[in-house]
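For reference, the structure discussed in these notes is given below.
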Amino acid sequence: MIEKKNRKSYEIDMCNGPLFGKILIFTLPLMLSGILQLLFNAADVIVVGRFAGNEALAAVGSTGALTNLLVNLFIGLSVGANVLVARYYGAKAQDEVSQTVHTSVMISLLGGIFLAIIGIVLARPLLLLMETPENVIEHSVLYMRIYFLGMPVMLLFNFGSAVLRAIGDTRRPLFYLIIAGGVNVCLNLWFVIGFHMGVAGVALATVLAQCVSTALILRCLLQSEGCFRLQPSKLRINWDKFRKIAAIGLPAGIQGSLFSISNVLIQSSVNSFGAIAMAGNTAGANVEGFVYTAMNSVHQTAVSFTSQNLGGRRYERINKILIECLLFVTAIGLVMGNGAVLFGEQILGLYSSDQEVITYGLQRMAVICTTYCLCGIMDVMVGSIRGLGYAVMPMIVSLMGACVFRVVWICTVFQWERTLHTLYLSYPVSWTLTALVHVICFIIVRKRLGK
């Protein structure tokens, strides 16, 4: 009885009671979990930048946009799994929850194997297409191939975390990532400083740490009680659930991949400024990642809370969820974004001791970090619309407002004035335009739902 009560304590009742405290309890572990995942990459970047040189640092950073391009489709499917499990859980449809959980795990396994093959085979041609410099590309290819070997376990963790988020549990994934993060840092130092393995060492450390976090989350799902328990004998794809996951998740994944295409183009434009600019861009983007991850946790909160209240037919709470999430994400973006700029030189000094690299990193952060709250507002609007079951609409808006706009910007404004400052300005302008259209879309779909 006590054990069952302890397990229940990890869950959050999203459909009843005051919202703000529950949003806070749900979001903070999610935020810390995201930051810890990002620390995997930050540990790679810091260790390789301090102990393997600027070329190795540029190599690790040059793969980021390309990796996201390949992975985001399946990360989007995990969003679909999260929305569907939350909706069924809110409606107390236990069989439907179980079928969705087992279908999600199968998608992650098959998708991970597919991505591992694609990443290993296409690493070199894709990096050449991005005009990666000759003095960087061999390191980049090696890092990317090792990293993609870990795709099956990475996707398993993401889908497992999505299931736990759907029932209100964001704390256990945080505990698992704390353990895996410690493993990652220790292995980074051991492989790079002790064995002089360079980019191969940091990539291998990341993969092994991901294995640890995935093993822990699988153990959690296997030992859980109730409808979301993972039972190996039930592992199969339920095609009805797969279609529903895909209907929500594929547009989200396509949106993420298309965002990555625009980021790949921006990375290619940065590459034209040379390895030092690439290294500074890598360090600056890595710092920004912490701000984005903190804001993105509020996006995920909006998805889960909106989905459960939709399933529980508590429509009157949906507007309150959106307003509180918007206030929360704006505060996070303003405080963390401007704080990163204020202490930018000291933070970037952790990544490289080269003053030129730090200057390039500060140039990026001065434009993007100070306006990052606009990105958070845009993402929360998308999360609320997805939570209501609309996936294609936010995908189209984001495609036009952010992706197409940035491509047009690179082909026009950036060509008129080929500076990094002009290139980085495409971000805040696109966030503002896209967020405004998402507000209009939410008003329309919310009216359709009624009171």
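According to numbering that gives the first Met the number 0, the sequence shown is numbered sequentially starting from 0.
Built from N, CA and C at the ideal position, the CB exists for glycine as well.
Going along the chain, which residues of its own chain have a beta-carbon closer than 8 Å to the beta-carbon of residue i, five neighbours each way excluded?
{"i": "residue 12", "result": "21 and 167"}
{"i": "residue 108", "result": "151, 154 and 155"}
{"i": "residue 206", "result": "145, 146, 148, 149 and 152"}
{"i": "residue 363", "result": "279, 280, 283, 284, 287, 419 and 423"}
{"i": "residue 246", "result": "79 and 390"}
{"i": "residue 438", "result": "380"}
{"i": "residue 244", "result": "76, 79, 80, 83, 99, 102, 103 and 106"}
{"i": "residue 301", "result": "320, 321, 324, 379, 382, 383 and 386"}
Please return the same chain residues whose Cβ sits closer than 7 Å to the Cβ of residue i, not counting the five positions on each side in sequence.
{"i": "residue 424", "result": "366"}
{"i": "residue 434", "result": "373, 376, 377 and 380"}
{"i": "residue 2", "result": "Low local confidence applies: a pLDDT of 39 at residue 2 is under 50, so the model's placement there is unreliable, with the coordinate-based value given in what follows. Within the same chain, residue 2 has no close Cβ partners at all."}
{"i": "residue 216", "result": "156, 159, 160, 172 and 175"}
{"i": "residue 448", "result": "314 and 387"}
{"i": "residue 194", "result": "200"}
{"i": "residue 396", "result": "433, 436, 437 and 440"}
Can you tell me the Cβ-Cβ gap for residue i and residue j, rounded? I've got them flagged as a contact below 8 Å.
{"i": "residue 46", "j": "residue 187", "result": "5 Å"}
{"i": "residue 248", "j": "residue 391", "result": "About 12 Å; that fails the 8 Å criterion."}
{"i": "residue 274", "j": "residue 134", "result": "6 Å"}
{"i": "residue 261", "j": "residue 405", "result": "4 Å"}
{"i": "residue 220", "j": "residue 162", "result": "7 Å"}
{"i": "residue 208", "j": "residue 394", "result": "Actually they do not touch by this definition, with Cβ atoms about 32 Å apart."}
If I measure Cβ to Cβ from residue i and keep anything under 6 Å in the same chain, skipping five residues before and after, which residues do I get?
{"i": "residue 256", "result": "68, 71 and 72"}
{"i": "residue 431", "result": "373"}
{"i": "residue 127", "result": "none"}
{"i": "residue 370", "result": "427"}
{"i": "residue 32", "result": "172, 173 and 176"}
{"i": "residue 236", "result": "102 and 105"}
{"i": "residue 332", "result": "294, 371, 372 and 375"}
{"i": "residue 5", "result": "At residue 5, the pLDDT of 47 sits below 50, so the modelled position is not reliable; the number obtained from the coordinates is stated separately. For residue 5, where only same-chain residues beyond five positions count, there are no Cβ hits under 6 Å."}
{"i": "residue 202", "result": "142, 145 and 146"}
{"i": "residue 111", "result": "150, 151 and 154"}
{"i": "residue 210", "result": "152"}
{"i": "residue 304", "result": "13 and 320"}
Could you pull the start and end residues of the alpha helix (DSSP H) that residue i belongs to?
{"i": "residue 198", "result": "197-222"}
{"i": "residue 415", "result": "412-415"}
{"i": "residue 374", "result": "372-386"}
{"i": "residue 335", "result": "317-341"}
{"i": "residue 430", "result": "419-448"}
{"i": "residue 288", "result": "274-310"}
{"i": "residue 130", "result": "Segment: none, residue 130 is in no alpha helix (DSSP H) and carries neither H nor E."}
{"i": "residue 358", "result": "354-367"}
{"i": "residue 156", "result": "150-165"}
{"i": "residue 173", "result": "170-188"}
{"i": "residue 396", "result": "391-397"}
Compare the C-beta of residue i against all C-beta atoms of chain B and say whether one is closer than 8 Å.
{"i": "residue 218", "result": "In the structure shown, chain B does not exist; there is a single protein chain."}
Review point. Using 8 Å as the Cβ pair cut-off and three pairs as the minimum, do the region 379-391 and the region 438-445 touch?
Key: The region 379-391 is in contact with the region 438-445.
Check your understanding: Is the region 27-38 touching the region 214-233, taking contact as three or more C-beta pairs under 8 Å?
Key -> Touching, no, given that fewer than three Cβ pairs across the two stretches are closer than 8 Å.
Exercise for review: Evaluate contact between the region 353-371 and the region 275-290, counting only Cβ atoms and requiring at least three cross-stretch pairs below 8 Å.
Suggested key: Contact holds between the region 353-371 and the region 275-290, because three or more Cβ pairs, one in each stretch, are under 8 Å apart.
Review point. Is there contact between the region 309-320 and the region 72-87, where contact requires at least three CB pairs shorter than 8 Å?
Key: Contact holds: three or more Cβ-Cβ distances are below 8 Å.
Check your understanding: Between the region 117-127 and the region 331-340, do at least 3 Cβ pairs fall closer than 8 Å?
Key -> No: fewer than three Cβ pairs fall under 8 Å.
Review point. Just checking, does the region 199-219 make contact with the region 176-183 on the three C-beta pairs under 8 Å criterion?
Key: In short, these stretches touch, since the Cβ pair count reaches three.
Review point. Hey, is the region 87-102 in contact with the region 399-412, meaning 3+ C-beta pairs nearer than 8 Å?
Key: Output reads no: the region 399-412 does not touch the region 87-102.
Check your understanding: Would the region 228-243 and the region 190-197 be scored as touching if the rule is three or more Cβ pairs under 8 Å?
Key -> In the pairwise beta carbon analysis, the region 228-243 is classified as not touching the region 190-197: fewer than three pairs are separated by under 8 Å.
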